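Novice:
In the UniProt record's numbering, the protein residues as written are 1 to 507.
Here it is in structure tokens:
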């Protein structure tokens, strides 16, 4: 203050004093004997802080230094708070982006799981694929929850940076308030019992629908690429694309001049050797030749017969014939073109019957048998139904743990209405099945492979039970052992349970 500052500089004080006095030896001050007189005084005081000025100056300097230190500390604190605030905002921004990414990943994993589950039902995906998709979905959900947690942490850091969390007392009050609110929520859920809320179902045997459908592509009964076995020019072509041909029908002819000459030469050589053979055989009887000469001529006759057969085959191959009955799907030659051994001539397909190649998983294939009737639908003929029969079941699974299955369909009966290459769906139906014990897939703790479920044996108490899972039917799992009809099985809420945990069944 100004007064305090004035104490550190020289000062000059002027003061004055005036009094009037009366003296008497009697109590009456107004008597004649009373003596009265007045008195006055003036003083001038000069104060110079010579001795304490240096000490005071030193204290002032120290105070100024302390004040500057406080300013610097305040600046540091302000910068730190600003940095913390900016970092908290950046962390919140990053957390929001992470949440968006993890939410997209979770949704994608859910779509993949749903698609894999659908394909599994149709026999297009293996159990391993389904389990892997379920694992990926759980991982994505955990990552999403972790991102939400990091966002809440960033929110707290932002509140601290803004100074809204101002004291330990305020923190304690906030925590106590949150604890009270959370406790109220717990009390509402548990209704004051302290038990974990769960949902349950009653175990019972039910008939399981084993029907399933699988997709595939229709293929021709036979699809043959006819190639040339001789060399020469094409002399004639007897058919065109789209023609129906029968087995053995002539399709084309190849120039056979040289083949005919070879055949004639081989035939003449054989006839001459046979004459010589007969002559030597007769001479052997009279001793005119030796046995060795006869054996030699016999060998020559056999070689000549082989050469004649080869020449005959080459001459026959010059006439191109259909090895199967079917339709000329593609013609690769023209009259006058030169062909050699291995040249493609015709593509012949037999669509009088068609094959539908599909796959079935391990639980489906055990229901199938060769000869079983199958309902077939083709998208381009939505209002029509077709029937086929299982003609082949692979004894070994492929790399996807599925079993190839072949279905034959009599296309001739429907006037070859269906074409090779069309998409089709085969539906396998099995009628009413023997009831079996099944429970929801969600009832298993940590997945079906664990074989662990929670049941309620005593009222309000969860008991961990080991069971033997069997065949999986989509979201239902067969239980082979460890569970009886009428027992209460916990289907949701197991994540919060251990053996002996009190539970309350939600209606």
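The beta-carbon is built from N, C-alpha and C at its ideal position, and this holds for glycine as well. Predicted model, so just to flag it, every value in this text is computed and none were measured.
In the DSSP output, which residue or residues are listed as bridge partners for residue 252?
Specialist: According to DSSP, which records beta bridges pairwise, residue 252 is partnered with 237 and 320.
Novice: Can you list, in chain order, the residues of its chain with a C-beta nearer than 6 Å to that of residue 231? Leave out the 5 residues immediately preceding and following it.
Specialist: 340.
Novice: So, using beta-carbon positions, are residue 213 and residue 471 closer together than 7 Å?
Specialist: It is not a contact, given that the beta carbons lie outside the stated cut-off.
Novice: Answer with buried or exposed for residue 40, where buried requires no fewer than 16 other C-beta atoms within 10 angstroms of its C-beta.
Specialist: Residue 40 should be labelled exposed.
Novice: Looking at the unbroken beta strand (DSSP E) that takes in residue 452, where does it start and where does it end?
Specialist: Unbroken beta strand (DSSP E) run through residue 452: 452-456.
Novice: Under the criterion of a Cβ to heavy atom distance below 6 Å, does residue 475 qualify as lining the ligand ADP?
Specialist: In the structure on display, the ligand ADP does not appear, and there are no ligands present to speak of.
Novice: Going straight from the alpha carbon of residue 504 to that of residue 442, what length do you get?
Specialist: Cα to Cα, residue 504 sits roughly 18 Å from residue 442.
Novice: For residue 354 and residue 408, what's the separation of their Cα atoms in angstroms?
Specialist: Computed Cα separation, rounded: 6 Å.
Novice: Tell me whether residue 66 is buried or exposed, calling it buried when 16 or more other Cβ atoms sit within 10 Å of its Cβ.
Specialist: By the 10 Å Cβ count, residue 66 comes out exposed.
Novice: Taking its Cβ as the centre, do 16 or more other Cβ atoms sit within 10 Å of residue 382, making it buried, or is it exposed?
Specialist: Classification of residue 382: exposed, given that the 10 Å Cβ count is below 16.
Novice: Below 8 Å on the Cβ atoms is my contact criterion, and I expect residue 351 with residue 220 to pass it. Report the Cβ-Cβ distance as a whole number of Å.
Specialist: Right, their Cβ atoms sit about 5 Å apart.
Novice: For residue 21, does the three-state DSSP call read helix, strand or coil?
Specialist: It is a strand residue.
Novice: When DSSP labels each residue in this structure, what does residue 133 get in the three-state scheme?
Specialist: It is helical.
Novice: What is the residue span of the beta strand (DSSP E) that residue 378 lies within?
Specialist: Where residue 378 is concerned, the enclosing beta strand (DSSP E) stretches over 373-378.
Novice: Identify the continuous alpha helix (DSSP H) that holds residue 362 and give its terminal residues.
Specialist: Per DSSP, residue 362 belongs to the alpha helix (DSSP H) from 362-365.
Novice: Taking 8 Å as the cut-off, does the region 98-109 touch the region 139-157 (at least 3 CB pairs, one atom from each stretch)?
Specialist: Yes, the region 139-157 touches the region 98-109.
Novice: My assumption, with CB atoms under 8 Å, is that residue 241 sits in contact with residue 321. Please give the rounded CB distance.
Specialist: Their Cβ separation, rounded to whole angstroms, is 18 Å, which puts residue 241 and residue 321 out of contact at 8 Å.
Novice: List the endpoints of the continuous beta strand (DSSP E) containing residue 384.
Specialist: Residues 381-393.
Novice: Use the C-beta contact count for residue 128: other C-beta atoms within 10 angstroms, 16 or more gives buried, fewer gives exposed.
Specialist: Exposed.
Novice: For the region 364-373 against the region 202-209, are there 3 or more C-beta pairs whose distance is under 8 Å?
Specialist: The region 364-373 is not in contact with the region 202-209.
Novice: Skipping 5 residues on each side, what residues in its chain have a beta carbon closer than 6 Å to that of residue 13?
Specialist: Same-chain partners within the cutoff: 45.
Novice: Could you check which residue in 466, 447 and 448 has the C-alpha nearest to that of residue 454?
Specialist: Minimum Cα distance to residue 454 is reached at 466.
Novice: By DSSP, does residue 74 sit in helix, in strand, or in coil?
Specialist: Three-state result, residue 74: helix.
Novice: Since I believe residue 489 is in contact with residue 203 (beta carbons under 8 Å), could you give me their beta-carbon distance rounded to a whole number of angstroms?
Specialist: With 8 Å as the limit, residue 203 and residue 489 qualify as a contact, their Cβ atoms being about 5 Å apart.
Novice: Does DSSP classify residue 13 as helix, strand or coil?
Specialist: Looking at residue 13 - three-state DSSP - the assignment turns out to be strand.
Novice: Bridge partners of residue 428, per DSSP?
Specialist: According to DSSP, residue 428 bridges with 212.
Novice: Report back the beta-carbon spacing between residue 155 and residue 92 to the nearest angstrom; my notes put them in contact at under 8 Å.
Specialist: That belief holds up - the Cβ atoms of residue 155 and residue 92 are roughly 7 Å apart, short of 8 Å.
Novice: Where does residue 339 sit, in a helix, a strand or coil, going by DSSP?
Specialist: Here residue 339 sits in strand by DSSP.
Novice: May I ask which residues mark the beginning and end of the beta strand (DSSP E) holding residue 441?
Specialist: Premise fails: residue 441 is in no beta strand (DSSP E) and is neither H nor E.
Novice: Note down, in chain order, each residue of its chain lying with its Cβ closer than 8 Å to the Cβ of residue 175, except the 5 sequence neighbours on either side.
Specialist: With a pLDDT of only 45 at residue 175, under 50, the local geometry of the prediction cannot be trusted, and the value read off the model is given with reservation. Cβ neighbours of residue 175 beyond the five flanking positions: none.
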